[in-house]
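Only one structure is covered here, and it is reproduced in the block below.
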Amino acid sequence: MNKSELVATIATEMHTSKLAANRVLDTVLGSIQQGLRSEGTVTITGFGTFEVKERKPRVGRNPHTGEPIQIEAGRRIGFRVGKGLKHLV
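All letters in the sequence shown, in the order written, are residues 53 to 141 by the numbering used here.
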């Protein structure tokens, strides 16, 4: 399912226009992004938890030459599935 299909589903379920459904979806996604930026974690009970995780610097290998390269520290977003979603899938 892509974003336009999700917007269409939201519009149908809420008995509203696709424009309004798109605004709702954009607001939800923006709120999740803001929560990750400010607090580092967003939990939606029954669905899951989005969390910013720190990655330490490490040594990797260039796949073409096999030479070691330094990979910088960074941040990534992880997702842990909640019980409700886990039971559905």
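Every residue, glycine too, gets a C-beta built ideally from N, C-alpha and C.
Rounded C-beta distance between G130 and G100? I'm assuming under 8 Å.
Contact between G130 and G100 is ruled out by a C-beta separation of about 10 Å, above the 8 Å threshold.
Do you know offhand how far V76's Cα is from A63's?
Taking the straight line joining both Cα atoms gives about 10 Å.
So R127 and E106 are in contact, right, with Cβ under 8 Å, and what is the actual spacing, rounded?
Rounded, the Cβ-Cβ distance is 6 Å, consistent with contact.
Runs of alpha helix (DSSP H) wholly within the stretch 90–123 (minimum 4 residues, chain order):
Taken in chain order, the stretch 90–123 contains no complete alpha helix (DSSP H) segment of 4 residues or longer.
First and last residue of the uninterrupted beta strand (DSSP E) at G126:
From DSSP, the beta strand (DSSP E) with G126 extends over 126–133.
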